[in-house]
Amino acid sequence: MLSRDEATATLEDIRKTERRSFSAYGYKSAAPQLVWWGVVWFLGYGGTYLFPPVTNWIWLAVVVVGSTVSTLMGIRSKPKGEAKFSWRIFFTWLAVLAAISSVLAIFAPFDGKQIGSLFPLFIGWAYVVIGIWLGGRFSIAGLAIVALTLFGYFHFAAEAFVLWMAFFGGAILIGTGLWLRSA
Amino acid sequence: MDQPDAIIHQPVRLKIMAALKALPPSEALEFVRLKALVGATEGNLGAHIATLEEASYVEVEKDFVGKKPRTRVRLSKDGRRAFEDYVAYLRDIVTASTAAP
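Protein chains in written order, with this note's numbering: chain A, 1 to 183; chain B, 1001 to 1101.
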């Protein structure tokens, strides 16, 4: 028979190992998604820089294609016997989108640079929150997105800001994806 | 349960079981990732996985990704139940000692 202290220590070991495994699984699942969204981000901001009159259409197209491919990637990565579509993830991102839309509705009108900052700021903070629950690397990635966006917003004019977000925003998502894959 | 499950009770095997239990039911962990999580050497980990496989607590899949061999380990239904029983056993000890006058 184990003593109370031994049982408590063993339960703590189990909790720590489960936590590490759960985080590693989250990182592995999110890594390809982040790389893909880095590409989407690059195309969205890059398109905005090259074709400013059709910015809304560009973002509509990249978000629709981005979300569709992202969903298919998620479905393909699920093993047999497991639910193919995660409604929890879907509603999490829907809530983030609704939060951004609410802010846009209340504080409008925004200029292009403000809208271009608002989305990555919300997404960055969403990653910070996700990281608090799932693993610190998500939080670090989220803080990097927030810092990069704020730096670009306060230091660059509109055109340069869009280029900044295309290259460095895209790069940080892709880099984070590769970093998570190695976890 | 008067005595802990001897197969799970061994520290490395306990970590293997805990790492697998944290995944969704049909998900498997690659050997290299499991090695990093458990902190065991390759030979040691292989031996403990073999013991768990003999007890039908885990299922081992071997295949190739390109030309590289890959080993993946998944918790079986029996393994999940045994692990849950083991954790319940530990909790009972903690609870019983706390409740005792």
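Just so it is clear, CB atoms sit at the ideal spot from N, CA and C, and this is done for glycine as well.
Is it the case that the Cβ atoms of leucine 1075/B and leucine 1034/B are separated by a distance below 8 Å?
no
Minimum Cβ-Cβ distance from alanine 1018/B to chain A less than 8 Å
yes
Locate the alpha helix (DSSP H) running through lysine 959/B, then write down its first and last residues.
With chain B covering 1001 to 1101 only, the question about residue 959/B has no answer from this structure.
Flag isoleucine 89/A as yes if its beta-carbon sits less than 8 Å from any beta-carbon of chain B, otherwise no.
no
Do phenylalanine 122/A and valine 96/A have their C-beta atoms closer together than 8 Å?
yes
Looking at C-alpha atoms only, which residue of Val1012/B, Ala1006/B, Lys1068/B, Ser1026/B is the closest neighbour of arginine 1080/B?
Ser1026/B
So, is the C-beta of arginine 1070/B closer than 8 Å to a C-beta in chain A?
no
Compare the C-beta of leucine 2/A with all C-beta atoms of chain B and state if any pair is closer than 8 Å.
yes
Over what stretch of residues does the alpha helix (DSSP H) that includes valine 39/A continue unbroken?
4 to 50
Through-space distance from leucine 94/A to tryptophan 37/A, alpha-carbon basis:
16 Å
So what does proline 1069/B bridge to, in DSSP terms?
Phe1064/B
Have a look at Gly177/A, Phe168/A, Thr176/A and flag the residue whose alpha-carbon is nearest the alpha-carbon of glycine 44/A.
Phe168/A
Measure from the alpha carbon of serine 21/A to the alpha carbon of each residue in Val65/A, Gly177/A, Gly135/A, then state which is nearest.
Gly135/A
State the DSSP-derived secondary structure class of glutamate 1030/B, mapped to helix, strand or coil.
strand
Cβ-Cβ distance between threonine 10/A and leucine 1090/B below 8 Å
yes
Which residues mark the beginning and the end of the alpha helix (DSSP H) in which glutamine 114/A is found?
112 to 134
So arginine 1033/B contacts chain A; which residues on that side make the cut at Cβ distance below 7 Å?
Ala24
Pull out every residue of the region 14 to 39 of chain A whose Cβ sits closer than 7 Å to any Cβ of chain B, in chain order.
Ile14, Thr17, Glu18, Arg20, Ser21, Phe22, Ala24, Tyr25
Taking the alpha carbon of proline 1011/B as the point to measure from, which residue in Leu1029/B, Val1032/B, Gly1039/B, Gln1003/B has its own alpha carbon closest?
Gly1039/B
Residue interval of the alpha helix (DSSP H) (run including glycine 1043/B):
1042 to 1054
Got a sec: is the Cβ-Cβ distance from leucine 11/A to anything in chain B below 8 Å?
yes
Starting from the beta carbon of threonine 92/A, find every residue of chain B whose beta carbon is closer than 8 Å, and list them in chain order.
What threonine 92/A touches in chain B: nothing, since even the nearest Cβ is about 17 Å away.
Smallest Cα separation from tyrosine 49/A: which of Ser117/A, Ala108/A, Arg19/A, Met165/A?
Met165/A
Taking C-alpha atoms, which residue in Gly124/A, Val35/A, Ala61/A lies nearest to leucine 150/A?
Gly124/A
If I follow the unbroken alpha helix (DSSP H) through serine 86/A, where does it start and stop?
Careful: serine 86/A lies outside any alpha helix (DSSP H) and carries neither H nor E.
Does the CB of valine 1094/B have a neighbour CB from chain A at under 8 Å?
yes
Using 8 Å as the threshold, is the C-beta distance between leucine 92/A and leucine 1037/B below it?
As written in the sequence, residue 92/A is threonine, which differs from the leucine given in the question. No, these two residues do not count as a Cβ contact at 8 Å.
Given that threonine 71/A touches chain B, what residues does it touch there, using C-beta distances under 9 Å?
Here the premise fails: no neighbours, minimum Cβ distance about 18 Å.
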